[in-house]
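91 is the number of the first residue of the sequence shown in the numbering used here; add one for each residue after it. In this text, a Cβ means the ideal position worked out from N, Cα and C, and glycines have one as well. Note that the structure is predicted; figures quoted are calculated from it, not measured.
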Amino acid sequence: MNQLTHINASGEANMVDVSAKAETVREARAEAFVHMAPETLELIVSGHNRKGDVFATARIAGIQAAKKTWDLIPLCHPLLLSKVEVQLEAMPATNENETNMVRIESCCKLAGKTGVEMEALTAASVAALTIYDMCKAVQKDMVISQVRLLEKTGGKSGHFKVEA
91 MNQLTHINAS
101 GEANMVDVSA
111 KAETVREARA
121 EAFVHMAPET
131 LELIVSGHNR
141 KGDVFATARI
151 AGIQAAKKTW
161 DLIPLCHPLL
171 LSKVEVQLEA
181 MPATNENETN
191 MVRIESCCKL
201 AGKTGVEMEA
211 LTAASVAALT
221 IYDMCKAVQK
231 DMVISQVRLL
241 EKTGGKSGHF
251 KVEA
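Pasting the structure below:
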């Protein structure tokens with residue numbers, strides 16, 4: 091079984107020393123969903139939300155969050171990201187068993203000594219929280235779900251991709 095990398099020999103939390111690691115191109119993709127009422131999704135899509143363009147604001151918030159991940163997650167390294175992308179997609183329900191939602195997918199990339207999974211996850215999470223913040227005046231019971239890593243490449247642990 092793999093060891094937790096952020097725990098030292100004494101069992102204390104510590105920042106991993108990456109100075110001896112090889113610099114490689116690393117990329118990670120993550121996703122999150124915000125479930126909402128049809129009326130809320132319609133406000134977003136139509137651009138009639140009084141706070142402004144929900145998707146544009148969430149995209150910028152996700153990008154900013156990725157760049158500040160090291161500031162938010164105590165043991166993350168500050169990284170010089172070469173790419174941060176946040177895509178948002180309105181997904182209206184097609185039947186009564188589905189919910190209306192926004193799907194968020196983030197992608198972070200760099201050439202460096204440590205991965206960008208946390209940056210991608212943070213971008214997707216903060217974009218979802220921003221959607222909630224911009225729409226809470228019309229719906230307080232929105233649900234943020236399934237924040238997860240979809241794929242990562244580069245580094246010693248190699249390629250990871252979620253099964254379909």
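I believe SER215 touches ALA122 by the beta-carbon criterion, under 8 Å. Please report the beta-carbon distance rounded to the nearest angstrom. The beta-carbon distance between SER215 and ALA122, rounded to whole angstroms, is 6 Å. This is short enough to meet the 8 Å contact definition.
Any C-beta of chain B sitting closer than 9 Å to the C-beta of ARG238? Among the chains in the structure shown there is no chain B, since it carries only a single protein chain.
Close Cβ partners of ALA268 (< 8 Å) along its chain, the five nearest in sequence each way excluded: The shown model of the chain, from 91 to 254, leaves out residue 268, and the question about it has no answer.
With distance defined between alpha-carbon atoms, name the residue in SER235, GLU207 and LEU165 nearest to MET191. Nearest of SER235, GLU207 and LEU165 to MET191, Cα basis: SER235.
Work out the CA separation of ALA110 and TYR222 for me, nearest whole Å. Rounded to the nearest whole angstrom, the C-alpha separation of TYR222 and ALA110 is 41 Å.
Per-residue DSSP class, three states only, for ILE153: Shown here, ILE153 sits in a helix according to DSSP, grouped into three states.
Starting from the N-terminal side, write out each stretch of the alpha helix (DSSP H) that is 4 residues or longer and does not extend beyond the segment 114-183. Runs of the alpha helix (DSSP H) lying entirely within the segment 114-183, each at least 4 residues long, are 128-136, 144-157 and 159-162 in chain order.
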